[in-house]
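Accompanying notes for the structure given below.
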Amino acid sequence: MKEHTERGKGDRMKPRTYRNVIGTNLRQLRQQQGLRQDDLANLGRANGLDWTRATVAAIELGRRSLAGDEEMLLQATLDVPDLHKELRATDGLGEDDEIEIGDGYILTTAEWRSLANG
């Protein structure tokens, strides 16, 4: 894990945040199941999630994190056997691409995959 340093113009792209990775993957899972954000919020409420469409949108946009209990309830809502793995997928990212997991802490995609997959 390396500490985040400011980059100048022309340097590599800013790393994706943990929230963005989770949000992008939640959006893909929702769309694969043919659900709208409202649909997911309604199903979530039926399974104990206190969500609105705005909550789903905020998570998908990386503006809100997903709590551990929400992740477990979401797994039941979406009926996905390994939601933890699905949400942490890094498909489309190169091994050297970076993910910011906290304020100033960055992992490469390879490091992220190693941690996420246990």
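Start counting the sequence shown at 185; every next residue gets the next number (my numbering). Don't be surprised by glycine CBs; every beta carbon is placed ideally from N, CA and C.
- Task: Would you grab the beta carbon distance between Glu279 and Ala294 for me? Rounded to a whole angstrom, and I think it's under 8 Å.
- Result: Here residue 279 corresponds to residue number 95 of the sequence shown, with the count starting at 1. Here residue 294 corresponds to residue number 110 of the sequence shown, with the count starting at 1. Confirmed, Cβ separation roughly 4 Å.
- Message: Spatial neighbours of Gln217 within its chain, please: C-beta separation below 8 Å, excluding the five flanking residues on both sides.
- Response: Mapped onto the sequence shown, residue 217 falls at position 33. So the list reads Leu262, once near-sequence residues are dropped.
- Just the Cα atoms here: how many angstroms apart are Ile285 and Arg297? As a first step, residue 285 must be located in the sequence shown, where it is residue number 101. As a first step, residue 297 must be located in the sequence shown, where it is residue number 113. So the two alpha carbons sit approximately 13 Å from each other.
- Query: Alpha carbon to alpha carbon, what distance is there between Leu227 and Arg220?
  - Reply: On the sequence shown, residue 220 is found 36 positions in, with the first residue counted as 1. On the sequence shown, residue 227 is found 43 positions in, with the first residue counted as 1. About 11 Å.
- Tell me whether Gly276 is buried or exposed, calling it buried when 16 or more other Cβ atoms sit within 10 Å of its Cβ. In the sequence shown, counting from the first residue as 1, residue 276 sits at position 92. Counting Cβ neighbours within 10 Å, Gly276 comes out exposed, since fewer than 16 surround it.
- Might you give, ordered along the chain, the residues of its own chain that have their beta carbon closer than 6 Å to the beta carbon of Gly232, omitting 5 neighbours on each side? Within the sequence shown, the letter at position 48 stands for residue 232. Excluding sequence neighbours, Gly232 sits near Leu257.
- Message: Looking only at its chain, what residues have a beta carbon closer than 6 Å to the beta carbon of Ala238, apart from the 5 residues adjacent to it on each side?
- Response: Locating residue 238 in the sequence shown gives position 54, where the first residue counts as 1. Same-chain partners within the cutoff: there are none.
- Message: Going by DSSP in three states, Glu187 sits in which element: helix, strand or coil?
- Response: Here the question's residue 187 lines up with position 3 in the sequence shown. Because Glu187 carries a pLDDT of 46, less than 50, the predicted location of this residue cannot be relied on, and the following value inherits that uncertainty. Strand.
- Item | Three-state secondary structure (DSSP) of Arg211 | Taking the sequence shown and counting its residues from 1, one reaches residue 211 at position 27. Note: Arg211 maps to helix in three-state DSSP.
- Output the boundary residues of the beta strand (DSSP E) element that contains Glu282. As a first step, residue 282 is located in the sequence shown; it is residue number 98 there, counting from the start. Per DSSP, Glu282 belongs to the beta strand (DSSP E) from 282-286.
- Message: Going by beta-carbon coordinates alone, are Gly207 and Gly246 separated by less than 8 Å?
- Response: Here residue 207 corresponds to residue number 23 of the sequence shown, with the count starting at 1. Here residue 246 corresponds to residue number 62 of the sequence shown, with the count starting at 1. Yes; because the gap between Cβ atoms is below 8 Å, this pair is in contact.
- Message: Alpha carbons only, please: which of Asn209, Lys198, Arg203, Arg200 is nearest the one belonging to Ala273?
- Response: Here residue 273 refers to the residue found at position 89 of the sequence shown. Out of Asn209, Lys198, Arg203, Arg200, Asn209 has the C-alpha closest to the C-alpha of Ala273.
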